[in-house]
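Numbering (my numbering), first residue to last: 947 to 1630.
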Amino acid sequence: MKIGDRTVLACDCAHSIALDGAALGKACGDGSVPTVHTQLCRAQLDRFEAAVATGQPLLVACTQEAPLFSEVAAEVAPDTSLTFTNIRERAGWSDEGELALPKIAALLAEAALPIPPTGALTLTSQGTCLVYGNDERAIEAGRELAKRLDVTVLLTSPKDIAPPPVMDVAIFRGRIRAARGWVGAFEIVVDDYAPALPSSRGALGFEPVRQGASARCDLILDLTGGTPLFPDHKRRDGYLRPDPNSPTQVAKALLEITDLVGEFEKPRFVDFKADLCAHSRSRKTGCTRCLDVCPTGAITPNGDHVAIDPHVCAGCGSCAAVCPTGAATYALPPAATVYERLRTLLGTYRKAGGGAPALLIHDPRHGDALVGMMARHGRGLPARVLPFALNEVTQVGFDLFALALAYGCTHVRILTGPENEGETAGLANQIGLAEAAFSGLGYGSGRVAVIDAADPDAVADELWSLPADTVEAGMFLPMGPKRTVTMLALRHLHKVAPAPVEVLPLPPGAPFGRVSVDVAGCTLCLSCVGACPTGALLDNADKPMLSFAQDACVQCGLCKTTCPEKVISLVPEIDFRDQARGATVVKEEEPFCCVSCGKPFATKSSIEKIVTTLAGKHWMFATPEAANRIRMCEDCRVRDQFERGNEPFSLGRPPVPRTTDDDLREREEAEREAQLAAVRQKLI
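Here it is as C-alpha cells:
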C-alpha cells in the first residue's frame, strides 16, 4: 500500500492490534489490499529488508523498533528515506481498539506528509567550565570535571572551607551580579571577586576583593541552590542547575555537561520578518505581545520592531502563537505544514468513517510517555481522540484552534507537563480568545482546554469523558498567512454556528477589531495612517480622506497612541459582514483652498483649528493680516510677507567699512572747526 510517494509497512504487533488489511487499504484510499505483518521486526525482518532494497521511501507503522529498522536500512540501502509512526499505543492498544481503524488510517496519512527541513545555527564549546557554588561540593564537582574540562570554581560565601591538598582547579570567591549568553558564549560580571591564597592553611583564604570583574566561559554548572542566573533556566543551553542536595541530580549534571564540548547544531525555531512587526513607530509603542510572553528574554525591542536572538530562544513558540501579524512564525515545522497535517489527519479520519473527532495536542516527550502509559496500563486513548504531536505545545494559538473546530473537531485538549512551567502565559491567552469566540458563536464553553497532569489515569479520565457532539466540518484549504487561515476558519464556523452573530465581541487585547474615531474631533492630519503597520488605516491621494479596513487591523494601538487629537479608541471584535472585508470611509472633507491663489493645500478642519489656536495669541500672528497667512499655501505665505513691506527677513543696508583716509579726513575737519572757533572767539 502506498500513501503519497511512501510505501506503508503495517504490522499488528503479534496480533495485539485489530488490523484488517482490506479495510485499511479502503480507509487509506489506496484501493489495494496491503499485507499486514505480524512480526516485521523479528521473524519477518527479511520483508523489511526487501522493501528497503527497492530504494523507495518507506513509512513503517512502528516506532519502538525504529533503531533496529534504521540500522538494517543503513546496511542494505543507506539512501532510502525512512519515516515512522506509532499506531499501536496511539490507536490499536485501547479499549476501543476494534473501532480505531479510521484513526489508524488518519495517523498513517498524516505521517506520510513531507516535512520541510529547518534552518540551524552552529554553537561551539571549547569546554571552559565555571562551577558556581557555596562550599566543598562545588570544589569536588570542579575537580571531577577537571579530568575532561577546563574548570574554574567560584564560591559565593566561602567559610571554613579546607583548602584542597592539590590545587588542580582554580578557585576564586565572588558573587555573580549579571550573566548573559549561551553555550559557548557566556559572559558574567562578578562582585567581591578574589583568587584563593596558595598559602591558605586551616581554611581557604583569599586576596583583597574587587568589584565588577568580568569573565567568559562556555559552560556553567550552578550548585548554589539559589536564584537562577537566567529566566527559564531549564532551557538555557549550557547552563545546568541541579539541586546541590541531590547526589543523583548532581551526578546527572556532571555527566551531561562533560558531553557539551565541540560543535552543536541548534534549530532556528522562529522565523522573523521585521517589516511585518507592529511593535513601534516613531518612538510610539504599539504591540508588545511577544515581549510579554517570552520566558527566556530572547526578544528585545529594536527600534520600530523587536529582535529575536536565536541563540537564546528555547523554541517554546509563544511569540509565534500570539503574534497578530505573522511577523514571528514557528519554523519547526512551519505553520503551513502544521495546517496541512491537521487537514490531512481530520480529513482522512472523516473519509474512513470516523465521527466526532477530538484533538489531543502534545509534545513528543511528556505527551508520548503519557500516551504510552495509558495504552500499556490503562484504557488507552478513545478511538475518536486523535493525537497530534508538535515540537512544543506552547506554539499553538487561536489559528490552530479555529482550524481544528472548522475541520470538525468537537474539542481540543492541550497536554502540558513540568517542562512547560512558566511558559504557558501565551497559551492561556490564546485559549481565552478561543473561548470567547466559540462561546460567542453558540458552540458553548470548554471547546479548548489544557490538561496539566502527570497521572496517565487522570488524563485518560478527562479524554474518555469528552462529549461526542458534532461540529459540521469544512472542506477549505488552509492557504495564506496565519491571519488569513484564521479568518477562513472563523467564517466557516460562523456559517454553521448554532447562534451566529454579525459582530462578535472579543476581550481586550484580542488581535481582531476596529478603531472608533471621534469624527468631530478628527482633523484628518493622517498621523494614524503613517503609524499603522498593517495598512488598516488608509488615506486618499486625491482628497482629504481617512478609510479603515477592519480585516487588516491587529489592534496594536499605534494609531491610538500617535493621534495628536486623542480621538481614536480600539474596539476588539470580529465583524462577519461583507462590509468589513474592504475599506470603508471614516471621514472625508473638501480640501481647504488658499485664500490668495485658490490652490488646495490642507483640510478645512485642520486650518480652522490652527487659526483658533494661533490667531491673535502668538506674536507671529498677532495682526489680522498676519493671521490671514495661516489660510494661505506655503508659496503665498512667503510672498505676502514681502509684498506688505515688512521685509521680516531683511538685514538692512550693509555697513560701510572705515579706512585710514576716513580717520584723517575727520581729524582735518575737527582741526578746521577748532580753528574757526578760535577766530570767532577773537572777533568777539
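Glycine included, every Cβ here is placed at the ideal spot set by N, Cα and C.
Reduced DSSP secondary structure (H/G/I, E/B, other) of residue i
i, result
"G1293", "helix"
"A999", "helix"
"P1364", "helix"
"G1088", "helix"
"A964", "coil"
"T1029", "strand"
"F1215", "coil"
"V1268", "helix"
"P1451", "strand"
"N894", "Nothing can be reported for residue 894, as the shown portion of the chain is limited to 947 through 1630."
"Y1276", "strand"
"G1476", "helix"
"E1021", "helix"
"S1552", "helix"
"G1459", "strand"
"E1338", "coil"
"I1050", "helix"
"V1252", "strand"
"Y1078", "strand"
"T1432", "helix"
"C1008", "coil"
"P1144", "coil"
"H1225", "coil"
"S1515", "strand"
"P1444", "coil"
Supposed contact pair residue j and residue i - C-beta distance, whole angstroms, cut 8 Å
i, j, result
"R1083", "P1190", "6 Å"
"L970", "A1051", "7 Å"
"G1130", "S1071", "4 Å"
"Q1501", "P1446", "Contact flag wrong, Cβ pair sits at about 23 Å."
"A1149", "D1106", "5 Å"
"L1346", "V1284", "7 Å"
"Q1002", "T953", "5 Å"
"V1136", "A1161", "7 Å"
"L1059", "E1286", "6 Å"
"A1125", "F1176", "7 Å"
"L1305", "V1358", "5 Å"
"K1049", "L1332", "6 Å"
"A1348", "A1435", "4 Å"
Buried or exposed (CB count within 10 angstroms, at least 16 for buried), residue i
i, result
"M1320", "buried"
"E1235", "The sequence as given places Arg at residue 1235; Glu does not occur at that position. The residue is buried, with at least 16 neighbouring Cβ atoms inside 10 Å."
"F1588", "exposed"
"S1551", "buried"
"N1032", "buried"
"A1266", "buried"
"K1512", "exposed"
"E1056", "buried"
"N894", "Since the first residue of the chain shown is 947 and the last is 1630, residue 894 is not available in this structure."
"D1609", "exposed"
"E1369", "buried"
"H1564", "exposed"
"I1061", "exposed"
"T1340", "buried"
"V1252", "buried"
"P1631", "Since the first and last residues shown for the chain are 947 and 1630, residue 1631 lies out of range."
"R1429", "buried"
"P1631", "Absent from the model: residue 1631. The displayed extent of the chain is 947 to 1630, so no value can be given."
"K1506", "buried"
"R1229", "exposed"
"P1270", "buried"
Contained beta strand (DSSP E) runs [length at least 3] in the segment 1369-1408, N- to C-terminal order | The DSSP assignment places complete beta strand (DSSP E) segments of no fewer than 3 residues inside the segment 1369-1408 at 1394-1398, in order along the chain.
Do the segment 1178-1186 and the segment 1076-1092 touch if we need at least three Cβ pairs shorter than 8 Å?
-> no
Would you call the segment 1518-1534 and the segment 1435-1453 in contact, with 3 or more CB pairs under 8 Å?
-> Yes: at least three Cβ pairs fall under 8 Å.
Is there contact here, the segment 1387-1400 with the segment 1356-1374, by at least three beta-carbon pairs under 8 Å?
-> yes
Quick one: any contact between the segment 1326-1343 and the segment 1407-1415, if contact means 3 or more CB pairs under 8 Å?
-> Yes: the two stretches touch, three or more of their Cβ pairs being nearer than 8 Å.
Taking one C-beta from the segment 1154-1163 and one from the segment 1199-1209 each time, how about it: are there three or more such pairs within less than 8 Å?
-> no
Segments assigned alpha helix (DSSP H), at least 4 residues, entirely inside the segment 1158-1208 | 1193-1204
Can you find at least 3 beta carbon pairs, one from the segment 1537-1550 and one from the segment 1573-1589, that sit closer than 8 Å?
-> By the C-beta criterion, the segment 1537-1550 is judged to be in contact with the segment 1573-1589, since at least 3 inter-stretch pairs fall below 8 Å.
When the Cβ atoms of the segment 1293-1307 are set against those of the segment 1237-1257, are three or more pairs found closer than 8 Å?
-> no
Go through the segment 1084-1139 residue by residue and report every complete run of the beta strand (DSSP E) that reaches 3 residues or more, in order.
-> 1096-1101, 1116-1126
Taking three-plus beta-carbon pairs below 8 Å as touching, is the segment 1534-1545 in contact with the segment 1449-1464?
-> no
Please specify which runs of the alpha helix (DSSP H), each continuous and at least 4 residues long, are wholly inside the segment 1523-1593, giving them in chain order.
-> 1550-1560, 1570-1574, 1580-1589
Cβ contact (3+ pairs, closer than 8 Å) linking the segment 1218-1232 and the segment 1081-1099 = no
For the 8 Å Cβ check, are there 3 or more pairs between the segment 1374-1393 and the segment 1469-1478?
-> The answer is no - the segment 1469-1478 does not touch the segment 1374-1393, with fewer than three Cβ pairs under 8 Å.
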